[in-house]
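Data first, discussion second: the structure below is written as structure tokens.
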Amino acid sequence: MTDTTPIITHPPDLTRLHNSSSPTIPTKLSSSSSFSAGHMPSTTATTSTTTPTTSPTNIQQLQQNGYIIIPSLLPPHLLLASRATSKYLVQRTRLGTFWPHVRTVPKQYPPWPLFSSPDQDLNIWGVQHLLHPDLKGLRDVFAEVYFCGEVLGVVRGLLADPNNSKDGEEVAVGEDELVMELFNLLVSPGKRQGFELEWHRDDVRPDVTEDEEARLLSEKTPAGRQLHAQYNIALFEDESLVVVPGSHRRVRTEQERKAGKYDVLPGEVRVNLGPGDAVFYDSNILHRGVYGGIDEHTELGRMTLHGSVGLRGYGAERCRQVLQHGVGEWVDGDGGGFGSIQDEGKRRVAEVMRRNLVEMGRGVGDVGFSLEG
Numbered sequence: 001m002t003d004t005t006p007i008i009t010h011p012p013d014l015t016r017l018h019n020s021s022s023p024t025i026p027t028k029l030s031s032s033s034s035f036s037a038g039h040m041p042s043t044t045a046t047t048s049t050t051t052p053t054t055s056p057t058n059i060q061q062l063q064q065n066g067y068i069i070i071p072s073l074l075p076p077h078l079l080l081a082s083r084a085t086s087k088y089l090v091q092r093t094r095l096g097t098f099w100p101h102v103r104t105v106p107k108q109y110p111p112w113p114l115f116s117s118p119d120q121d122l123n124i125w126g127v128q129h130l131l132h133p134d135l136k137g138l139r140d141v142f143a144e145v146y147f148c149g150e151v152l153g154v155v156r157g158l159l160a161d162p163n164n165s166k167d168g169e170e171v172a173v174g175e176d177e178l179v180m181e182l183f184n185l186l187v188s189p190g191k192r193q194g195f196e197l198e199w200h201r202d203d204v205r206p207d208v209t210e211d212e213e214a215r216l217l218s219e220k221t222p223a224g225r226q227l228h229a230q231y232n233i234a235l236f237e238d239e240s241l242v243v244v245p246g247s248h249r250r251v252r253t254e255q256e257r258k259a260g261k262y263d264v265l266p267g268e269v270r271v272n273l274g275p276g277d278a279v280f281y282d283s284n285i286l287h288r289g290v291y292g293g294i295d296e297h298t299e300l301g302r303m304t305l306h307g308s309v310g311l312r313g314y315g316a317e318r319c320r321q322v323l324q325h326g327v328g329e330w331v332d333g334d335g336g337g338f339g340s341i342q343d344e345g346k347r348r349v350a351e352v353m354r355r356n357l358v359e360m361g362r363g364v365g366d367v368g369f370s371l372e373g
């Protein structure tokens, strides 16, 4: 995608974002729901609490297929603010003097090197720690997205206990049960250098035995319970994610075990997202990424928000996958709180989720890394 917008030299104005009312979200939001940019749902401000999305269609699709697409999840005002903020952040980060926390080509998994000097000449495919307090005003925009009712409403529904239902529907988890986890930005690598992620599950190594793989998958979904909601929200068109539907709850087939790191697998699906669309997926699903290289001086490429939210009480299952990214180094430090969020209800939810993350990591030593490469 060619981008004709000039280089942004000043951060976007956040005033209009903070003064915007957040639209309510429907209580039934299935994969067939869609809001167009020209027609938003009710604009009644309801940011004090998140409305749970408990549609059985969403939960059943996630549990059956391992992923679900929610069209037009991000409302127009947040989409526009996220685009401007992300473009500014990426343009500055590529200079090597603004933000050191990045994902670099050709490294697949953490830890990545810090980008602290243009002399390093690094090619990035992601920007880490969007909720880090040192991002200041930029962080405020990303926090508005991460803690918005549209996103957390879907999360609360997807994390519902399948064994706890009312009137035939799963009961969504409460806001206080949510754990702040990760929020990053995935981008097209520059220098016209394409890059691909190999087939993987986020926290199961590829060399484990079939019995060990079965045990780990069972531990990460006790009694069929979803312990996390991981998502990509596209700010522009994105077709980078490739998944094997249904592979999140089973061991790999013999063909999948023997396949090459970038081979085409039977039944694989390429996920196509438009601006504001989201895909929620189980991080245990077999998946990979295909990222076309761009000329970063003339092209925009993909910019996709990549986040996850956890469920309180399951730190042992989630700890390594989250803390390996280094979020524990700043979430409990000076300025780690979200006092700058103007809406009182949203600010309370953000602080509860942050404290739940701090509690998850309390007393935990070196967690190591899930994968190598």
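Number 313 in UniProt numbering belongs to position 313 of the sequence shown; there are no gaps in the numbering. Virtual Cβ for every residue (Gly too), placed ideally from N, Cα, C. Computed from a predicted model, the values in this text were never measured in an experiment.
Practice item. Compare the beta carbon distance of E181 and V352 with 7 angstroms and say whether it is the shorter of the two. Key: Not a contact, by the Cβ cut-off of 7 angstroms.
Check your understanding: Between L186 and Q63, what straight-line distance do the alpha-carbon atoms span, to the nearest angstrom?
Key -> The straight-line gap from Cα to Cα measures roughly 25 angstroms.
Point to revise | C-alpha gap between P266 and W99, whole angstroms | key: Taking C-alpha positions only, P266 is separated from W99 by approximately 40 angstroms.
**Study point:** Contained beta strand (DSSP E) runs [length at least 3] in the region 83-153, N- to C-terminal order
**Key:** Correct list: 102-104 and 124-127.
Exercise for review: Verify whether the separation of the beta carbon atoms of Y231 and A278 is less than 7 angstroms.
Suggested key: At the C-beta level, Y231 and A278 come within 7 angstroms of one another.
**Study point:** Residues of its chain near L138, where Cβ-Cβ distance is below 6 angstroms and the 5 sequence neighbours each way are ignored
**Key:** Excluding residues within five positions, the ones whose Cβ falls inside 6 angstroms are T85 and L89.
Point to revise | Where the alpha helix (DSSP H) containing E219 begins and where it ends | key: Note, E219: alpha helix (DSSP H), E210 to K220.
Check your understanding: Taking C-beta to C-beta, are A143 and R156 nearer than 7 angstroms?
Key -> Taking 7 angstroms as the Cβ cut-off, A143 and R156 do not qualify as a contacting pair.
Review point. Whole-angstrom Cβ separation of S188 and Y291, contact assumed at under 8 angstroms?
Key: Taking a contact as a CB-CB distance under 8 angstroms, the pair S188 and Y291 counts as one, their CB atoms being some 6 angstroms apart.
Review point. Between the region 250-258 and the region 323-342, do three or more beta carbon pairs fall short of 8 angstroms?
Key: Touching, no, given that fewer than three Cβ pairs across the two stretches are closer than 8 angstroms.
**Study point:** Environment of T298 [buried if 16+ CB atoms lie within 10 Å]
**Key:** Per the 10 Å Cβ criterion, exposed.
Exercise for review: Please classify A259: does DSSP put it in a helix, a strand, or coil?
Suggested key: The three-state reading of DSSP puts A259 in coil, since its state is none of H, G, I, E or B.
Exercise for review: Taking only the alpha-carbon atoms, compute the straight-line gap between D121 and E296 and give it to the nearest angstrom.
Suggested key: The straight-line gap from Cα to Cα measures roughly 13 angstroms.
Practice item. Report the three-state DSSP secondary structure of T43 (helix, strand or coil). Key: The pLDDT assigned to T43 is 29, lower than 50, so where the model puts this residue is not dependable; a value taken from the coordinates is nonetheless given after this. For T43, the three-state secondary structure derived from DSSP is coil.
Practice item. Under 8 angstroms Cβ to Cβ from G339, same chain only, skipping five residues before and after it: list those, please. Key: Cβ within range, chain order: R347.
Check your understanding: Y67 to D343, Cα distance in whole Å?
Key -> Rounded to whole angstroms, Y67 to D343 spans 31 angstroms at the Cα level.
Review point. V349 to F236, Cα distance in whole Å?
Key: Between the C-alpha atoms of V349 and F236 there is a straight-line separation of about 28 angstroms.
Practice item. Pick helix, strand or coil for K166, following the three-state DSSP scheme. Key: The answer is strand: DSSP assigns K166 an E or B state.
Check your understanding: With contact counted as at least three CB pairs below 8 angstroms, one residue from each stretch, are the region 279-287 and the region 202-209 in contact?
Key -> These segments touch.
Practice item. Use the C-beta contact count for S247: other C-beta atoms within 10 angstroms, 16 or more gives buried, fewer gives exposed. Key: Here S247 is buried: its Cβ has 16 or more other Cβ atoms, across all protein chains shown, within 10 Å.
**Study point:** Residue burial classification, N58 (beta-carbon count within 10 angstroms, cutoff 16)
**Key:** Around the beta carbon of N58, 16 or more other beta carbons lie within 10 angstroms, which makes this residue buried.
Review point. Taking E213 as the reference, which of R83, L241, G194 and R257 has the closest Cα?
Key: Per the Cα distances, R257.
Review point. Exposed or buried, what is P75 when buried is set at 16 or more other beta-carbons lying within 10 Å of its beta-carbon?
Key: It is buried - the Cβ of P75 has at least 16 other Cβ atoms within 10 Å.
Point to revise | Assigned secondary structure, P26 (DSSP; H/G/I helix, E/B strand, else coil) | key: Unreliable placement is indicated for P26, whose pLDDT of 28 sits below 50; the coordinate value is still reported in the next sentence. Coil, per DSSP.
Check your understanding: Going along the chain, which residues of its own chain have a beta-carbon closer than 6 angstroms to the beta-carbon of N356, five neighbours each way excluded?
Key -> Result list for N356: V179 and R312, in chain order.
Review point. Between N164 and D176, what straight-line distance do the alpha-carbon atoms span, to the nearest angstrom?
Key: Taking the CA atoms as reference points, N164 sits about 17 angstroms from D176.
Exercise for review: Label V141 either buried or exposed according to how many other C-beta atoms from any shown protein chain fall within 10 Å of its C-beta, with 16 as the threshold for buried.
Suggested key: A residue is called buried once 16 or more other Cβ atoms fall within 10 Å of its Cβ, and V141 is buried on that count.
Practice item. Verify whether the separation of the beta carbon atoms of A229 and V309 is less than 7 angstroms. Key: Yes.
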